[in-house]
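Chains as they are written, first to last, in the numbering used here: chain V, 115 to 336; chain X, 421 to 751.
Ideal Cβ positions, reconstructed from N, Cα and C, are used throughout, including at glycine.
Quantities reported herein were computed from a predicted structural model and do not represent experimental measurements.
Here is the structure we will look at.
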Amino acid sequence: MSAIRFSNVGKRYPNGHEALVGLDFALESGELAFLTGHSGAGKSTLLKLIMLMERPSRGEVWVGEQNLSRLSRAQIPLHRRHIGVVFQNHQLLFDRTVFDNVALPLQISGYDPVDAARRVRAALDKVGLLAREKLNPVTLSSGEQQRVGIARAIVHKPRLLLADEPTGNLDPELSEDIMHLFEQFNRIGTTVLIASHDLSLINRLRHRVLTLQGGRLVADSH
Amino acid sequence: MNKAHDNRKARQAAPKRGAVQHRVRLQDRGRSWLRHHIEVALKALGRLWSTPLASLMTLAVLAIALALPSFIFTALKNVDQLTLGLDTEPHLSLYLNTDLSDARIDNFSRELLLRDDLLSVELISRDKGLADFRAHTRFGDLLDFFETNPLPAVITLIPRQHEPQQLAALQQQLAALPEVDEARVDLEWVRRLAAFMALAERGAWVLGALLGLTVLLVVGNTVRMTIESRRDEIVVSKLVGATDAWVRRPFLYSGIWFGIFGAALAWLLAQLALALIAEPVQALAALYLNGYQVHGLGVMESLALLGAGVLLGLLGAWIAVGRHLRDIEPG
Numbered sequence: 115m116s117a118i119r120f121s122n123v124g125k126r127y128p129n130g131h132e133a134l135v136g137l138d139f140a141l142e143s144g145e146l147a148f149l150t151g152h153s154g155a156g157k158s159t160l161l162k163l164i165m166l167m168e169r170p171s172r173g174e175v176w177v178g179e180q181n182l183s184r185l186s187r188a189q190i191p192l193h194r195r196h197i198g199v200v201f202q203n204h205q206l207l208f209d210r211t212v213f214d215n216v217a218l219p220l221q222i223s224g225y226d227p228v229d230a231a232r233r234v235r236a237a238l239d240k241v242g243l244l245a246r247e248k249l250n251p252v253t254l255s256s257g258e259q260q261r262v263g264i265a266r267a268i269v270h271k272p273r274l275l276l277a278d279e280p281t282g283n284l285d286p287e288l289s290e291d292i293m294h295l296f297e298q299f300n301r302i303g304t305t306v307l308i309a310s311h312d313l314s315l316i317n318r319l320r321h322r323v324l325t326l327q328g329g330r331l332v333a334d335s336h
Numbered sequence: 421m422n423k424a425h426d427n428r429k430a431r432q433a434a435p436k437r438g439a440v441q442h443r444v445r446l447q448d449r450g451r452s453w454l455r456h457h458i459e460v461a462l463k464a465l466g467r468l469w470s471t472p473l474a475s476l477m478t479l480a481v482l483a484i485a486l487a488l489p490s491f492i493f494t495a496l497k498n499v500d501q502l503t504l505g506l507d508t509e510p511h512l513s514l515y516l517n518t519d520l521s522d523a524r525i526d527n528f529s530r531e532l533l534l535r536d537d538l539l540s541v542e543l544i545s546r547d548k549g550l551a552d553f554r555a556h557t558r559f560g561d562l563l564d565f566f567e568t569n570p571l572p573a574v575i576t577l578i579p580r581q582h583e584p585q586q587l588a589a590l591q592q593q594l595a596a597l598p599e600v601d602e603a604r605v606d607l608e609w610v611r612r613l614a615a616f617m618a619l620a621e622r623g624a625w626v627l628g629a630l631l632g633l634t635v636l637l638v639v640g641n642t643v644r645m646t647i648e649s650r651r652d653e654i655v656v657s658k659l660v661g662a663t664d665a666w667v668r669r670p671f672l673y674s675g676i677w678f679g680i681f682g683a684a685l686a687w688l689l690a691q692l693a694l695a696l697i698a699e700p701v702q703a704l705a706a707l708y709l710n711g712y713q714v715h716g717l718g719v720m721e722s723l724a725l726l727g728a729g730v731l732l733g734l735l736g737a738w739i740a741v742g743r744h745l746r747d748i749e750p751g
């Protein structure tokens with residue numbers, strides 16, 4: 115079964131910009147793939163369509179067995195709870211601790227607090243930040259902040275993990291650490307799609323690479 | 421065979437690691453809903469507390485806006501109570517023809533006594549009228565110029581019905597009787613009082629509505645600023661699957677707290693204002709009535725004030741949240 119399937123998807127913004135044109139691809143369940151291309155090639159738009167932050171102008175996007183065009187506005191929250199997302203600017207909240215940042219998706223989904231605490235610590239342990247749980251994320255380095263963002267994205271064990279330039283601000287060594295973290299999650303069955311323009315790193319890791327150019331899929335190499 | 425069996429077992433076991441493990445039970449969800457409400461309510465209270473000066477300013481505005489109508493309505497209620505104790509029943513005075521004999525006058529007043537539509541009938545005979553006139557005015561000497569008593573006999577009536585229309589009808593009916601020279605309704609001041617009370621009450625409602633609108637706007641604006649300051653949190657929450665209701669909840673609780681505290685403060689202000697005027701009012705009332713007590717806000721009025729505060733706070737927050745929350749979307 116495909117984890118993600120794009121069928122002739124086009125996205126045209128109200129200002130006339132064609133962000134995606136005739137996009138066709140599928141990501142199988144349990145796969146890890148990189149999405150690359152210059153900035154403005156459509157990487158972010160593609161991820162936004164999966165998250166239903168945007169709706170396509172043409173075509174259909176499927177996530178698992180769900181045709182996203184069938185989801186109403188009210189159904190979007192539940193859809194997002196099945197996906198983990200990591201952002202380039204990590205989107206952490208600086209008015210609460212690392213622990214509370216990671217716990218947010220579980221609170222929203224209505225987990226029992228004891229169960230949630232256990233899962234939060236497990237997620238923080240996985241990214242190597244268990245000792246930092248009581249700190250405010252503003253006191254952490256950017257690499258650590260990014261790992262908190264990753265812990266928040268995987269704390270509810272999503273079937274699908276998306277990352278938008280997760281290593282954008284990090285030096286090469288930290289970037290590779292982060293990528294290895296994604297590989298670990300992929301190894302336990304999570305489907306992972308990572309948008310990145312760090313070609314040298316991507317080429318070293320030897321996974322499937324989807325290349326976008328001007329909103330079109332120009333290469334799909336394994 | 422064995423292998424196929426194992427495969428099936430593996431397939432059956434697989435979901436336990438995957439989907440089932442992450443499903444949130446309905447029971448948990450209900451409990452978590454309640455927990456979230458309590459948590460959010462307390463957090464909203466904490467936020468109010470974390471900016472004491474700004475909160476106090478907002479609350480002061482709300483309190484004044486809520487206290488003013490409360491004070492006016494309570495004052496009106498007191499005036500109502502006060503006039504209830506006064507003799508506000510309208511009187512009808514019948515001036516009888518002067519050519520009637522005393523026996524006929526006596527008879528006529530007895531006839532009136534039999535009527536159902538009159539509560540009381542009091543005859544002031546010509547002689548008594550003369551004596552009263554001499555006793556209460558300085559013009560007694562004038563009467564010496566007359567050979568006979570020029571004053572008519574007067575019958576004072578208290579009708580059963582108080583409605584102006586019925587009074588007018590009764591007046592016309594009595595004036596038409598052959599014994600009656602003139603029938604006068606003594607209700608000008610009752611009418612004036614009623615008109616004044618109606619006006620004051622209407623004014624209080626208009627003022628109350630305007631000040632209620634003020635509460636709505638103040639709470640709405642405060643909540644709008646809170647929403648702006650928590651934009652990041654709203655975006656992140658929506659990204660990880662928060663529903664509109666979940667995002668809305670803390671702001672609605674902020675509105676409710678503003679309503680509760682605003683109403684409580686308003687209650688204090690109104691009671692204070694009433695206590696300040698109680699003494700002079702009591703002194704004034706003592707001139708007319710014995711033992712009149714100024715009424716403060718009773719239990720029902722206090723609850724109504726609290727209810728109005730909560731409702732206006734919630735509504736103000738709801739409007740602000742409805743207007744601004746949809747604008748804040750990730751992306």
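Does residue i pass the burial test, meaning 16 or more other C-beta atoms within 10 Å, or should it be called exposed?
i      : result
X:H385 : Past the edges of chain X, shown from 421 to 751, lies residue 385 of chain X, and the structure says nothing about it.
V:N203 : exposed
X:T518 : exposed
V:D138 : exposed
V:Y225 : buried
V:R233 : buried
X:K548 : exposed
X:W677 : buried
V:V175 : buried
X:V605 : buried
V:F201 : buried
V:Y127 : exposed
V:E279 : buried
V:V269 : buried
What are the partner residues of residue i, as DSSP defines its beta bridges?
i      : result
V:W176 : V:R119 and V:N181
V:Q189 : Per DSSP, none; premise fails for V:Q189.
V:I197 : V:L274
X:E542 : X:T576
X:D606 : X:H511
V:D334 : V:L324
V:G124 : V:R172
X:V701 : Answer is none; X:V701 lacks a bridge partner.
V:T150 : V:T325
V:L307 : V:A147 and V:L276
Quick one: Cα of residue i to Cα of residue j, how far?
i      : j      : result
X:K463 : V:G151 : 44 Å
X:L562 : X:V574 : 20 Å
X:G682 : X:A724 : 13 Å
X:F763 : X:L543 : Past the boundaries of the shown model lies residue 763 of chain X; chain X is included only from 421 to 751, so the question cannot be answered.
X:V635 : X:A483 : 9 Å
X:G751 : X:G716 : 55 Å
X:L496 : X:M720 : 16 Å
V:H193 : V:S314 : 33 Å
V:A117 : X:V481 : 55 Å
V:A333 : V:A267 : 28 Å
X:A629 : X:I654 : 33 Å
Quick one: is residue i near chain X, going by C-beta distance under 8 Å?
i      : result
V:R232 : no
V:M167 : yes
V:P280 : no
V:E224 : Rather than Glu, the amino acid found at residue 224 of chain V in this sequence is Gly. True, the Cβ-Cβ gap to chain X drops below 8 Å.
V:P128 : no
V:Q205 : yes
V:V177 : no
Counting only C-beta atoms, is residue i closer than 8 Å to chain V at any point?
i      : result
X:G661 : yes
X:V741 : no
X:G623 : no
X:F616 : no
X:V460 : no
X:D652 : yes
X:S475 : no
X:V656 : yes
Taking residue i as the query, report the chain A residues whose CB atoms sit under 7 Å from its CB, ordered along the chain.
i      : result
X:G751 : Checking the listed chains, one finds no chain A in this structure; the protein chains it contains are V and X.
- [ ] Give a yes or no on contact between the region 187–196 of chain V and the region 130–145 of chain V, applying the rule of three or more CB pairs nearer than 8 Å.
- [x] no
Open item on the list: Can you confirm whether the region 478–492 of chain X touches the region 247–259 of chain V when touching is taken to mean that 3 or more C-beta pairs between the two stretches lie within less than 8 Å?
Closed with: no
TODO: Report yes or no: do the region 693–704 of chain X and the region 469–478 of chain X share at least 3 C-beta pairs separated by less than 8 Å?
DONE: no
Task: Touching by the beta-carbon criterion (3+ pairs, under 8 Å), the region 129–136 of chain V and the region 304–311 of chain V - done: no
TODO: Indicate whether the contact test is met: 3 or more Cβ pairs, each with one atom in the region 623–633 of chain X and one in the region 530–542 of chain X, closer than 8 Å.
DONE: no
TODO: Could you tell me whether the region 115–123 of chain V touches the region 167–183 of chain V, using the rule of 3 or more Cβ pairs below 8 Å?
DONE: yes
TODO: State whether the region 207–220 of chain V contacts the region 155–172 of chain V, with contact taken as three or more CB pairs (one from each stretch) at a distance under 8 Å.
DONE: no
Open item on the list: Under 8 Å: do the region 280–290 of chain V and the region 215–223 of chain V share three or more Cβ pairs, one atom per stretch?
Closed with: no
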